[in-house]
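Reading through the structure tokens given below for one structure.
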Amino acid sequence: MTDVNPAPEPRSLHFIEEIVEADLASAKHAGRVLTRFPPEPNGYLHIGHAKSICLNFGLAMRYGGGTNLRFDDTNPTKEDVEYVDSIREDVEWLGFKWAGEFYASDYFQKLYDYAEYLVQTGKAYVCDLSEAEIREYRGNFHAPGKDSPFRTRSPEENLELFRRMKAGEFEDGAKVLRAKIDMQSGNMNLRDPLMYRIRRSQHHRTGDDWLIYPLYDYAHGVSDAIEGISHSICTLEFEDHRPLYEWFLEQDLEGKFFQRPLPRQIEFARLNLTYTVMSKRRLLELVNEGHVKHWDDPRMPTICGLRRRGYTPESLRAFAERVGVAKRDSLTDVALLEHTLREDLEQTAPRRMAVLRPLKVVITNMAPAERHELEVPNHPDPLHGTRSLFLSREVFIEGEDFEEVPPKKWFRLAPGAEVRLKGACLIRCDEVIKNAAGEVVELRCAWDPASLGGDAPDGRKVRGTLHWVSAAHALNAEVRLYDRLFTAANPMDVPEGGDWRDTLNPDSLTVCAAKVEASLGAAKPGDRFQFERLGYFCVDADTRPGAMVFNRTVALKDSWAKVDAQSKG
RNA sequence: UGGGGAGUAGCCAAGUGGUAAGGCAGCAGGUUUUGAUCCUGCGUAUCGAGGGUUCGAAUCCUUCCUCCCCAACCA
Numbered sequence: 059m060t061d062v063n064p065a066p067e068p069r070s071l072h073f074i075e076e077i078v079e080a081d082l083a084s085a086k087h088a089g090r091v092l093t094r095f096p097p098e099p100n101g102y103l104h105i106g107h108a109k110s111i112c113l114n115f116g117l118a119m120r121y122g123g124g125t126n127l128r129f130d131d132t133n134p135t136k137e138d139v140e141y142v143d144s145i146r147e148d149v150e151w152l153g154f155k156w157a158g159e160f161y162a163s164d165y166f167q168k169l170y171d172y173a174e175y176l177v178q179t180g181k182a183y184v185c186d187l188s189e190a191e192i193r194e195y196r197g198n199f200h201a202p203g204k205d206s207p208f209r210t211r212s213p214e215e216n217l218e219l220f221r222r223m224k225a226g227e228f229e230d231g232a233k234v235l236r237a238k239i240d241m242q243s244g245n246m247n248l249r250d251p252l253m254y255r256i257r258r259s260q261h262h263r264t265g266d267d268w269l270i271y272p273l274y275d276y277a278h279g280v281s282d283a284i285e286g287i288s289h290s291i292c293t294l295e296f297e298d299h300r301p302l303y304e305w306f307l308e309q310d311l312e313g314k315f316f317q318r319p320l321p322r323q324i325e326f327a328r329l330n331l332t333y334t335v336m337s338k339r340r341l342l343e344l345v346n347e348g349h350v351k352h353w354d355d356p357r358m359p360t361i362c363g364l365r366r367r368g369y370t371p372e373s374l375r376a377f378a379e380r381v382g383v384a385k386r387d388s389l390t391d392v393a394l395l396e397h398t399l400r401e402d403l404e405q406t407a408p409r410r411m412a413v414l415r416p417l418k419v420v421i422t423n424m425a426p427a428e429r430h431e432l433e434v435p436n437h438p439d440p441l442h443g444t445r446s447l448f449l450s451r452e453v454f455i456e457g458e459d460f461e462e463v464p465p466k467k468w469f470r471l472a473p474g475a476e477v478r479l480k481g482a483c484l485i486r487c488d489e490v491i492k493n494a495a496g497e498v499v500e501l502r503c504a505w506d507p508a509s510l511g512g513d514a515p516d517g518r519k520v521r522g523t524l525h526w527v528s529a530a531h532a533l534n535a536e537v538r539l540y541d542r543l544f545t546a547a548n549p550m551d552v553p554e555g556g557d558w559r560d561t562l563n564p565d566s567l568t569v570c571a572a573k574v575e576a577s578l579g580a581a582k583p584g585d586r587f588q589f590e591r592l593g594y595f596c597v598d599a600d601t602r603p604g605a606m607v608f609n610r611t612v613a614l615k616d617s618w619a620k621v622d623a624q625s626k627g
């Protein structure tokens, strides 16, 4: 098969590609495209980050450039190496290689040097106002701010004070370094934003070398400029930080610090998904409050969660491509994600049989010791080969595939009905055995030996084909079925007095004691399969010898479920 | 009575003055040893609204409406 990965259809350029192409056409960066993915190592990456990763790396790949992985570690009180490792692993797993691995903390000295320069040129000053006073002086949306009384300190005094801040002569919070811009600006970001704060805290990389730490607005653009980033892509909420981003870089009037041209910040709309929460804070709460087991719980939208669930990197990349890049706030239907997943797995996942809720079927006209070896295809596409399966007198079928009183259009098993056991034979239900409670516990069927292989030689039509496993050969396995974590399309859209947690789905996890075909005994954690007629599953990391655990990655589309639901009103 | 963005079908999203791509979802058929896949067909989208310019406007001008972001020593 040659069209497993068809070339992506030609697609019109999105607005960032247009900007890059225009820059390429004008030779602005001499044909260079260098982007960066700048996570703060304070949490796990989620699918929203995956969109950003695909955008940044995809752009660079498309135009022959590179992407730096830069950890934005300017706040030592919140960051940790634990997250650095997971971020690296996730980006790699998604299939991307970074040009360089950097840390904002690599630039602490350069950041400090440039800050001294800004102090010396009168563009920054040391302010003694308290946190509350700074807030008060800043004003609000309707009232302009007022100048700090320390705003007029001389460059000499500021330089001395700034050096003493660095040397540890002041208490945490006693002083800050501020950019001298415009306390009257309508853009709050320009009302003399903070550049440095004093914080005696162990940094995960620089230890206790530094007592002062730069803030995002100052550190980010400068880090971009130091690395020679051409296009600095971020999300919409940073749109009104852009004047500040540019201001900091443009104060390098003599060109002593940064190469030209300077990087350009471009903002796009972050990803939102239906039935999902995406903020790090909410995800952390889900973990801490025990609504899920951990960051890699298969119900989590984290990259590690999706990975454990069985998502493929290809499907995530395809999703990022299809969801588009624009500036409009959007809420993408999670069905699109599931579509790109199925699209990939349909082509690649070997087929196997497993029964989630086993119902015993005894084939009365087969001898107890009778065994029929069957060679069945691993996939509708013969290129995937075949495997061997045994049929014997007792088999399990799916509990849902039998109805004593079948609804209209039912073509599964029912008293007197004939169905096909996939890849095996035709059976007809003759008798229904119930327990004392009246529940169906066993079916007595007769098989047509002439149909071995699955076809009736006389050409009679059998609509229903069921998956099954041989009781004598089946393995026990735990199968975990996942459903959406929330029952509301937008969990964040809470009614008055409500909480986003109110829409948590109590049935997001269902565990089944399943029977699976023997060949699955050799499967290793991470292996993916399609369980015929059920969905795509993968072997979970919890699997132990003799105790297999499967996750349902995603169910197959089920048009019968719709018909059935409609007929039931 | 601040600043910055955005409004094209249920959800994304092309379109850049010449008469509304595509995908997802949905619906209807066909094929089928997975009710899967695959194939075919199906949408009159008041292009947020009004006014204007023009032979012609989703695209230009104008007024208005709606939604999102910003007042951490977070990023």
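59 is the number of the first residue of the first sequence in the working numbering; add one for each residue after it. Ideal placement from N, C-alpha and C gives every residue a C-beta, glycine not left out.
Would you call Lys620 buried or exposed, if buried means 16 or more other Cβ atoms sit within 10 Å of its Cβ? Its Cβ having fewer than 16 others within 10 Å, Lys620 is exposed.
Skipping 5 residues on each side, what residues in its chain have a beta carbon closer than 8 Å to that of Lys492? The residues are Val498 and Val499.
Please identify the residue among Phe326, Ile455 and Lys573 whose C-alpha is closest to the C-alpha of Ala532. Between Ala532 and the set Phe326, Ile455 and Lys573, the nearest pair of CA atoms involves Lys573.
Selected residue, minimal CA-CA separation from Gly116, among Glu75, Arg128, Asn100 and Tyr102: Per the Cα distances, Glu75.
Can you tell me whether Lys620 is helix, strand or coil according to DSSP? In the structure shown, Lys620 adopts helical secondary structure according to DSSP, grouped into three states.
Residue from Asp310, Glu343 and Gly279 whose Cα sits closest to the Cα of Leu302: Measuring from the Cα of Leu302, the nearest candidate turns out to be Gly279.
For Ser259, which of helix, strand or coil comes out of DSSP? Per DSSP, reduced to three states, the secondary structure at Ser259 is coil, with no helix or strand assignment.
Cβ distance (whole Å) where Pro213 is taken to contact Arg236 below 8 Å: That pair is no contact at about 14 Å.
Taking only the alpha-carbon atoms, compute the straight-line gap between Ala547 and Gly197 and give it to the nearest angstrom. Ala547 and Gly197: Cα-Cα distance of roughly 38 Å.
From Arg556 to Pro549, what distance separates their C-alpha atoms? It is Gly, not Arg, that sits at residue 556 in the sequence shown. Those two C-alpha atoms are separated by around 10 Å.
For Met606, which residues does DSSP report across the bridge? In DSSP, Met606 forms a bridge with Ala535.
Cutoff 6 Å; reference Arg257; Cβ partners in own chain excluding five residues on either side: Within the same chain, Asp230 and Tyr271 come within 6 Å of Arg257 by CB-CB distance, once the 5 residues on both sides are set aside.
Measure the Cβ-Cβ separation of Asp186 and Lys233 and say whether it is below 8 Å. For the 8 Å CB-CB criterion, Asp186 and Lys233 form a contact.
Under the three-state reduction of DSSP, which class applies to Ala108: helix, strand or coil? Three-state result, Ala108: helix.
Chain-order list of residues whose beta-carbon lies under 6 Å from that of Gly203 (same chain, five-residue window excluded): Once the five neighbours on either side are set aside, the close Cβ partners of Gly203 are Tyr195, Arg196, Gly197, Met241 and Arg249.
Sorted by chain position, which residues of the same chain lie with C-beta nearer than 7 Å to Pro99's C-beta, five sequence neighbours on each side aside? Here the set comprises Phe129, Asp131, Glu137, Asp138, Tyr141, Val142 and Ile145.
Can you give the beta carbon distance from His18 to Ile291, rounded, assuming they're within the 8 Å contact cut? The displayed coordinates of the chain run from 59 to 627. Any statement about residue 18 would go beyond what the structure contains.
Run of the alpha helix (DSSP H) containing Tyr175, from where it starts to where it stops: Per DSSP, Tyr175 is one residue of the alpha helix (DSSP H) stretching across Phe166 to Gln178.
Tell me whether Glu325, by its Cβ, gets closer than 7 Å to a heavy atom of the ligand HEM. You won't find the ligand HEM in this model; it holds no ligand whatsoever.
Which residues share a DSSP beta bridge with Phe129? The beta-bridge partner set that DSSP reports for Phe129 consists of Tyr161.
Cα-Cα separation between Phe460 and Leu501, rounded to whole angstroms: Answer to the nearest angstrom: the Cα atoms are 9 Å apart.
Where does Thr561 fall in DSSP's three states? Three-state result, Thr561: helix.
For Val527 and Leu394, I'd like the C-alpha separation in whole angstroms. Distance between the alpha carbons of Val527 and Leu394: 33 Å.
Is DSSP giving Thr568 helix, strand or coil here? Residue state, collapsed to three classes: strand.
CB-CB under 7 Å to Arg322, same chain, minus the five flanking residues each way: which ones, in chain order? Hits under 7 Å: His289 and Ser290.
Reduced DSSP secondary structure (H/G/I, E/B, other) of Val413: Assignment of Val413 by DSSP, reduced to helix, strand and coil, places it in the strand class.
Does the distance from the C-beta atom of Gly639 to that of Ala613 stay below 8 Å? Outside the displayed range of the chain (59 to 627) lies residue 639, so it cannot be described from this structure.
Is it the case that the Cβ atoms of Ser509 and Leu484 are separated by a distance below 8 Å? Taking 8 Å as the Cβ cut-off, Ser509 and Leu484 qualify as a contacting pair.
Range covered by the beta strand (DSSP E) that runs through Glu500: Run containing Glu500: Val498 to Trp505, per the beta strand (DSSP E) assignment.
Taking Cβ to Cβ, would you say Phe326 is nearer than 8 Å to Ala283? In this structure, Ala283 does not lie closer than 8 Å to Phe326 by Cβ.
Of the choices Ala85, Leu329 and Arg193, whose alpha-carbon is the least far from that of Asp391? The shortest C-alpha to C-alpha distance from Asp391 to any of Ala85, Leu329 and Arg193 is the one to Leu329.
For Phe220, report the span of its alpha helix (DSSP H) as first-last. From DSSP, the alpha helix (DSSP H) with Phe220 extends over Pro213 to Ala225.
Best match in Tyr333, Leu417 and Glu404 for proximity to Leu471 [C-alpha to C-alpha]: Minimum Cα distance to Leu471 is reached at Leu417.
Chain-order list of residues whose beta-carbon lies under 6 Å from that of Asp354 (same chain, five-residue window excluded): If we look at Asp354 and ignore the five residues flanking it on each side, its Cβ neighbours are Cys362, Gly363 and Arg366.
What residue from Glu295, Arg429 and Lys351 has the CA that sits closest to Ala530's CA? Cα-wise, what sits closest to Ala530 is Arg429.
Integer Cβ distance of Thr611 from Tyr369, believed to fall under 8 Å: That belief holds up - the Cβ atoms of Thr611 and Tyr369 are roughly 7 Å apart, short of 8 Å.
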